[in-house]
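Number 196 marks the last residue of the sequence shown (UniProt numbering); no jumps.
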Amino acid sequence: MQADECILFFAILAPPTFSPASASQPPEPAIHLIKMSNLSPMPLTDQIAGVLKLMFRRKLHLATHAAHSVPSIEVPPSMPFALLLECNGIADALVKAIRNPVRLQWDIDRYCDSLSIQPTGQNEVLEAELERKWPPPFGESKIRIDQPATLVDMHRILAWILPRVLIPDHQTKMLQATRALHPAIAASKPSSNSSQ
Numbered sequence: 001m002q003a004d005e006c007i008l009f010f011a012i013l014a015p016p017t018f019s020p021a022s023a024s025q026p027p028e029p030a031i032h033l034i035k036m037s038n039l040s041p042m043p044l045t046d047q048i049a050g051v052l053k054l055m056f057r058r059k060l061h062l063a064t065h066a067a068h069s070v071p072s073i074e075v076p077p078s079m080p081f082a083l084l085l086e087c088n089g090i091a092d093a094l095v096k097a098i099r100n101p102v103r104l105q106w107d108i109d110r111y112c113d114s115l116s117i118q119p120t121g122q123n124e125v126l127e128a129e130l131e132r133k134w135p136p137p138f139g140e141s142k143i144r145i146d147q148p149a150t151l152v153d154m155h156r157i158l159a160w161i162l163p164r165v166l167i168p169d170h171q172t173k174m175l176q177a178t179r180a181l182h183p184a185i186a187a188s189k190p191s192s193n194s195s196q
């Protein structure tokens with residue numbers, strides 16, 4: 001396996017107090033790349049994380065500020081060009097996502113506090129009350145989000161929606177790796193008739 005073929009999961013976390021509507025400065029996201037193949041050296045992962053972070057900041061700056069003060073990006077000469085193109089596409093999707101928030105009009109922490117210890121989703125009366133107090137962002141409508149977006153509560157970004165951000169080859173490899181884990185995951189589940 002070539003280093004530029006390693007499979008990566010991207011977890012992008014915004015600061016807890018970031019609100020896109022009130023931001024005067026672009027956020028300082030922590031971008032973590034979790035290496036899924038131990039055949040690839042960590043220095044490449046670090047390079048990808050660094051380049052992706054800089055690309056995201058630069059593109060967000062261009063989208064929200066004057067172009068004359070754009071931060072520059074130094075790309076490691078050893079980074080494969082195809083990987084650089086992928087980082088560029090991911091950075092574009094991140095900027096589109098942060099500029100396209102789907103807003104909840106409530107706080108996720110308060111919602112979690114209102115749940116029972118082991119919610120089942122089977123109590124219709126309780127579920128109706130939860131939905132009344134914590135309505136979905138689109139009301140009764142079922143919406144499919146097929147563009148990059150962020151899910152934002154009253155205080156922070158909860159999730160990044162990044163459809164098609166990974167190239168099809170990487171999606172296929174991730175799906176194959178996930179399927180390979182299925183037997184181990186199934187074996188680790190406690191049986192439903194075991195005592196607690």
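Beta carbons: idealized from backbone N, C-alpha and C, even for Gly.
Start-to-end residues for the alpha helix (DSSP H) that takes in residue i
i, result
"L104", "It is not in any alpha helix (DSSP H) - L104 carries neither H nor E in the DSSP assignment."
"L158", "Where L158 is concerned, there is no enclosing alpha helix (DSSP H), although the beta strand (DSSP E) it sits in stretches over 157-161."
"S78", "Here S78 belongs to no alpha helix (DSSP H), and DSSP marks it neither H nor E."
"K133", "124-133"
"S188", "168-188"
Selection from the options that minimises the alpha carbon distance to residue i
i, options, result
"R110", "L130, E74, A91", "L130"
"R103", "M154, A49, S78, H61", "M154"
"R156", "D107, C112, T64", "D107"
"R144", "L158, P77, P163", "P163"
"S78", "G50, T64, L44", "L44"
"P76", "S141, G50, E140, H170", "G50"
"P80", "Q47, L175, T172, H61", "Q47"
"A159", "S72, E127, L52, P101", "P101"
"L52", "Q171, R132, I73", "I73"
"Q105", "T172, T64, R132", "R132"
Residue i burial status per 10 Å Cβ neighbour count (16 or more: buried)
i, result
"V95", "buried"
"A11", "Only weak support exists for where A11 lies, its pLDDT of 35 falling under 50; the value from the coordinates is given anyway. By the 10 Å Cβ count, A11 comes out exposed."
"P190", "exposed"
"L166", "buried"
"V125", "exposed"
"L33", "Its pLDDT being 40, under 50, L33 is placed unreliably by the model, and nothing is read from it."
"L115", "exposed"
"L60", "buried"
Backbone secondary structure at residue i - three-state DSSP
i, result
"T150", "strand"
"I143", "coil"
"F56", "helix"
"Q118", "coil"
"R164", "coil"
"H65", "coil"
"P43", "helix"
**OP:** Answer yes if the region 49-56 comes into contact with the region 82-93, meaning at least three C-beta pairs across the two stretches below 8 Å, and no otherwise.
**Re:** Enough Cβ pairs lie closer than 8 Å, so yes.
Original post:
Counting pairs of beta carbons, one from the region 68-87 and one from the region 114-121, are three or more of them closer than 8 Å?
Top reply: Cβ pair count under 8 Å is below three, so no.
**OP:** Evaluate contact between the region 130-144 and the region 175-185, counting only Cβ atoms and requiring at least three cross-stretch pairs below 8 Å.
**Re:** Contact between the region 130-144 and the region 175-185 is absent, because fewer than three Cβ pairs lie under 8 Å.
Original post:
Pairing CB atoms from the region 139-154 with CB atoms from the region 97-109, are three or more of them under 8 Å?
Top reply: As far as the Cβ criterion goes, the region 139-154 touches the region 97-109, which means the pair count is three or higher.
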